[in-house]
Amino acid sequence: MSELLCGINKLVNSFVFRFSFALLYCIISSSITNAQSSDSLIFIDPSKKLIKASNEELIDLTLKVLNRKKTPLIGLVSINLESSMNLISKNKIAVNVQPGDSLFIPVKVFITKKTRSGIDHLIRFNLSDIENNLLLATETKVQVSVKRNVDMYSLLSSILLDVTSDSIRIPIRISNSGNTTQRITLINRFPALFQNQDFHSTLELVLPPSVDTVITIIKPVTKKMFASEGFDVTFTGLYSNGDVFGMAYVRVQSGRSDRAYRDPLQTDAYNVNSISISSQGMFSNNQSFLLYGQGNLELKSGELGYSLDYTKWQDSYSPSMMRNTWISYETNNMGITAGNINRNMDINLNGRGANLFINNKNNGTYEVGYLDGNSNLIGQDFYSFMPSGSAAWARYTHRKENEEFATSVIYEINPLMNANSVIFGNTITLTKFKGLRLQANLSAGNTSQYDSLSVVKSSLASGLNISGTIKKIAISISNHFSTSYFPGMRRGALSFNERITWLRKRSNVWAGFDYNYYAPKTFNTFQFNMPRLSTMRAEVGVSGTIFKKMVTSVSPLFFKETNNAFQLSGLSNVVHTLSYWNINASINYPIANNHYLSINTESGYYTTSFDAQTRFHFRSNLNYKKGILNLSSSLQFGTFYIGEAVNSFLRSQESPRLFSVIPTIRKSFFSNKVRTEAGLAFMNNSSFGNSNFLTGKVEYDVLPKTSFYSSINHNRFNGYQFSLLEIGLTQKLSLPKAGAVSGNLEVMVYRDMNQNNIFDQGDIKADNHLIYINNLAFISNSSGSVVYKKLPLDSYRISIHNNKGWHAPDQYVKLDKEKHRLEIPLKRTGSLKGVLAYSFNEFSYEINKNLQGIGVVATDENNVSYMTKADLDGQIVFYLPVGKYKLAVDGANLPPEVEVEKNIPVVILDADKPQNITINLKIKPRKIETKKFMSPNKFSDK
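If you're matching positions, the sequence shown starts at 0 in numbering that gives the first Met the number 0 and goes up one per residue.
The structure is reproduced here in C-alpha cells:
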C-alpha cells in the first residue's frame, strides 16, 4: 500500500512540474510575441555580419537604424565589445529617427595584439528606449587571422673571457608577438671541440600569445676555450613543424696582448693537411704497411694539392700498391692533375694519367685528359693477365645564368671487354624551367671488336631528368634509353623512374613507378650468357607527423623481378621471376636529445618461378640510440630477390631466415682527448649458420695535432675465424701558405693627460685596456701595447673600448710594410645613455614600431659630430669627450608618419657623472570623423 501511495505521489509531482513549466513557457512566448509584434517596424542592422581581420588592424562598419513606425524613435544605441578590442568611436549614441527615416552610425574598432585567433569575437549592438528598456539587439562576429610570429635574439653579441671567467652565460630573449600559442625548440651549438654532456643543446618551450621570456645558456669555461683564437656559438629557433623562425650568433674570445693571424677560412676543423702511418693485419701472414696523406699548399698565384695512398704487404708475392695518389695545381682560370685519375662520365674512367681544364672569359670550360687502365701508380694491378687498355676524353661546358650546355667525346681501348669504343655526348640543363630543373642528353656511340676491327656496332643513348616543385607538388622524373651495344655502364637499358609527391603541412602523399630493363651486348669472349633482367615497382604512400614529433609512413607496393642469369638443371624456365604485393611501414621517433627510435617493416605475399605456392615474407630493421649506445637489429623471413629464391631452391628451404643484432658504444674521455668505440655483432642465417664479430677502436690525441689510434676486428663465420689488428699515427700539418706577404701591427694606447695628442712627459701608458682589431679582442700589456703578427697587408679597423672614462674613436690603418707601430691617445670622456621611445594613442597611425638602426647624432660646440645607432630596444650609448652637445635624430630611417620631439635638451657631459636622456618619437594621429547620416527613406503604409 505504501509503495502504491509513493507511486501516486511521484506521478502527481511530475504532472504539477510539467504543467508549471508549460504555463511559464506560454507566458514568456506570449510576451516575446507581443514585443516582436509591437516593435516589428524597428530594425537595426550592421553592414557586416562577419569580419575577418588581423592584429593591429582598424576595422570599419556601419550600423543602420530604420524606423517604419508612425511615431518618432527616440532612444540609445549601445556598442559593447570584448576587452581585447578597442572601440575608437563612441560606445553610446543617442538616436532620434523620424517616421520613415533611417540613421547610419559609423563604427570603428581597433584589433589589438592581444586579440586571439581561432575563436569568434563579438561586437554587440543594443537599441534601448528612453526608459532604458531593451528594444532590439544584434551582433557582428570578428575572426582574427592566425599570426605566427616568434622572434629570437641574443642580448649579447660577444663575450670576452678573462682569468676570472668560470662559465659562459648567454641570455637569449624569445618573444611571441603572434596571436597563437607556439611550441618551439631552441637549438644551440658550440664547436665540436667544446661540446660535451654539460651543455644543453636543445630546449623546448611553450609560449602563449604576447609573451616573451629570457633563457640563459650556461657553459663551463675550459682551458681549450682560453687557448682558442675564438669561436662562434650558434642559436637556432624552430617552430613545431621544423620551420626556422630565428638565428643568433655570439662570438666568444679571450683577450691577449700578443697573437698571430690565422685565416678564418682555414681553421683546423677544415684542415685536410695530414699524414697517417699505420700497420694492418699485425702479427699475421697478411700484414701490410700503409702510408696515407693529403693536403694543399696555398700559393700566391693558385693552390697546389696532393693525395697519397701507399700500401706494402710484408709478403713479397703481393705487389706494392699506390692508388688514389695525385698532385694538382689550380688557379681561377685553369687546373691540371697528374697521377691517379677518376672521371665518372658515360664510361667510368679510372687509371694513371693526367687531365687539364681551362676556363675562358665567356663562362666556358675546356677539359682534356688521358689515362691508362692501370690503377696502380707504381706497378701492375693484381689482374695483369691482359693489357690494361687506355682512354682519352675532351669536354666543353658553357654556362649561362639559368642553363648549361656540355658536349664531350670519349675514346676507350678496353682489351678486357674486347672493344674499342667512342662516344659523342651532348647534355643541356635548364635550372629554372617553369620552376623545375630539366636535363636532357643525347649520345651516339660506335664500338668495334678489339681483336677484329671489322666488326663494328653503332649505338644511341638518350635521357630526360626533371625535378622540382610546382606549388605543393614535388616531381622527380628520371628516364633513360640506350641500345644494346652502347659503350659504358648503362648499355642496353630502358629505365623509367617517376615519382610525384603532394607536400602537405603535416603529411606527404606520394606515388611512384619504377621500371628498369637491361639487355646489354658485348664482344667479351669470357661471357657466354648475355644477361637480360628487369625490375618493376609501383607504390603509393603517405607519411606524416603524429603525437607532435613521431614521423610515420605507410606504403602499399607491387614488385616484380625477372632474370635469365640462373640456368639450373631440372628446370625448364629460361627466365625466372619473382613478384610480391607488400606493405611498407616505418616509425621514426626522436624521443629526446641524442635519443631516438626508428623501425622499418615490409611484409606481404610473394610467388616465384621456383615454387608454385604463394608464401608470406617479412623483414624489419630497428635502430635505437640513447647516449653512447647504438643498437641495430634486422629480421627476415622468406625471400625478397631472385638470388635469395635460387639459394632457397638449391637448399630445399621453404622460408629462409635471417637475424642480426649489432650493439655499439661510443664514449670519449678527458675532454674528448680519448675517443673509444666498441661493437659486437651476432648474425644467424638459416642457410649459412651463425657468424659474429667483435670490433673496437681507441684514438688518443697525444698532442693537439698528433693522434695515435688502434683498432681490432675479430670475425667468426661458420667455424672459420680470423683477427685483424691495426695500429697507426696521424699527424695534422700546419696550414701552409707560400708566397704571401705579411706584416706585424703594434698598437700602443696611452692616457693623454695634457690633451696634445703626443705621448710625452706626464702621459700614462694604458695597461689592461681592451682593444679590438677587426673585431678580434686584445688586452694591452704593462707597456700599453698589443701586437698582431703575420697579418696580410691590408686595411684594419682599430676600436678602443671605454675603460673608466678613457676612450678614443675608431681608427683605420693601412698595413703596407713588415712592421707598423701606431700610438693612440685616449681622451677623458663622459657617457651619455638614452632611449628612443614611440609616443602614440589609439588614434595614431599603424606603423612598424622597430627602433633598431635609428641613428642619433651628437654635435659639440666646435661642430664636430658623433653618431650612434639604437639597438632593438631603442637604447643608445655615447662615449664622448667632455663638453656640451646638441642631439638630433637622423630622419633617414624614420617612417613619414613619425616626427621627432622638438627642443631636445642640450646635454653637458663631464667625466664623473653619466647623463641620461629620453627622446620621444611621436606617431602622428589619424583623422577620424564620426558622422550621422539621415536618409529620407519615406514610404507609404499600405
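Built from N, CA and C at the ideal position, the CB exists for glycine as well. These figures come from a predicted structure and were not determined experimentally.
With 16 other Cβ atoms within 10 Å as the buried cut-off, status of residue i
i, result
"E560", "buried"
"H806", "buried"
"F777", "buried"
"V952", "Look at the range of the chain in this structure, 0 to 941, and you will see that residue 952 is not part of it."
"R796", "exposed"
"P208", "buried"
"T917", "exposed"
"V746", "buried"
"N175", "buried"
"D809", "exposed"
"N773", "exposed"
"W580", "exposed"
"R123", "exposed"
"K218", "buried"
"E302", "exposed"
"S166", "exposed"
"T521", "buried"
"R351", "buried"
Among the options, nearest to residue i - alpha-carbon criterion
i, options, result
"K89", "S477, T61, W501, R115", "T61"
"A510", "E538, S633, S733, L202", "E538"
"Y516", "N478, D150, Y369, S277", "N478"
"Q313", "N417, E676, Q286, N583", "Q286"
"T428", "T310, Q438, S654, V421", "Q438"
"L493", "Q566, Y484, Y514", "Y514"
"G852", "T867, E860, G695, N840", "T867"
"R618", "F609, F639, T606, N629", "F639"
"S659", "L649, N689, I216", "N689"
"I590", "K299, S317, G873, G626", "G626"
"F244", "I173, Q279, F282", "I173"
"S227", "N892, A247, R261, T235", "R261"
"N440", "I465, K433, D766", "I465"
"L415", "K399, A391, G372", "G372"
"F546", "E698, G280, G368, S239", "S239"
"S971", "L370, I907, Y771, I346", "The shown model of the chain, from 0 to 941, leaves out residue 971, and the question about it has no answer."
"G334", "T364, F839, S306, N599", "T364"
As assigned by DSSP and simplified to three states, the class of residue i
i, result
"F103", "strand"
"V645", "helix"
"G890", "helix"
"M529", "coil"
"Y24", "Reliability of the predicted coordinates at Y24 is poor, the pLDDT of 43 falling under 50, and the value obtained from them is presented with this limitation in mind. Looking at Y24 - three-state DSSP - the assignment turns out to be helix."
"M416", "coil"
"T32", "At T32 the pLDDT is 33, less than 50, meaning the model places this residue with poor confidence and gives no usable figure here."
"F546", "coil"
"M752", "coil"
"A247", "strand"
"F189", "coil"
"F225", "helix"
"S798", "strand"
"Y844", "coil"
"D176", "For the record, residue 176 in the displayed sequence is Ser; it is not Asp. Coil."
"T61", "strand"
Sequence-distant residues of its chain with Cβ nearer than 7 Å to residue i (five each side left out)
i, result
"K704", "Q730, K731"
Chain-order list of residues whose beta-carbon lies under 6 Å from that of residue i (same chain, five-residue window excluded)
i, result
"T858", "S864, K885"
"S667", "R674"
"S253", "L160, F225"
"S157", "R250"
"R394", "E366, S407"
"D308", "Y291, R322, N323, T324"
Cut-off 8 Å between Cβ atoms - residues of its own chain near residue i, not counting five sequence neighbours on either side
i, result
"Y588", "K548, M549, V550, Y595, L596, S597"
"R115", "S83, V143, N178, T179, P208"
"S685", "Q652, P655, R656, L657"
"L790", "Y260, S741, G742, N743, L744, L814"
In DSSP terms, what residue i is bridged to
i, result
"G467", "L435, I474"
"G695", "A677, I711"
"H120", "V141"
"Q914", "L831"
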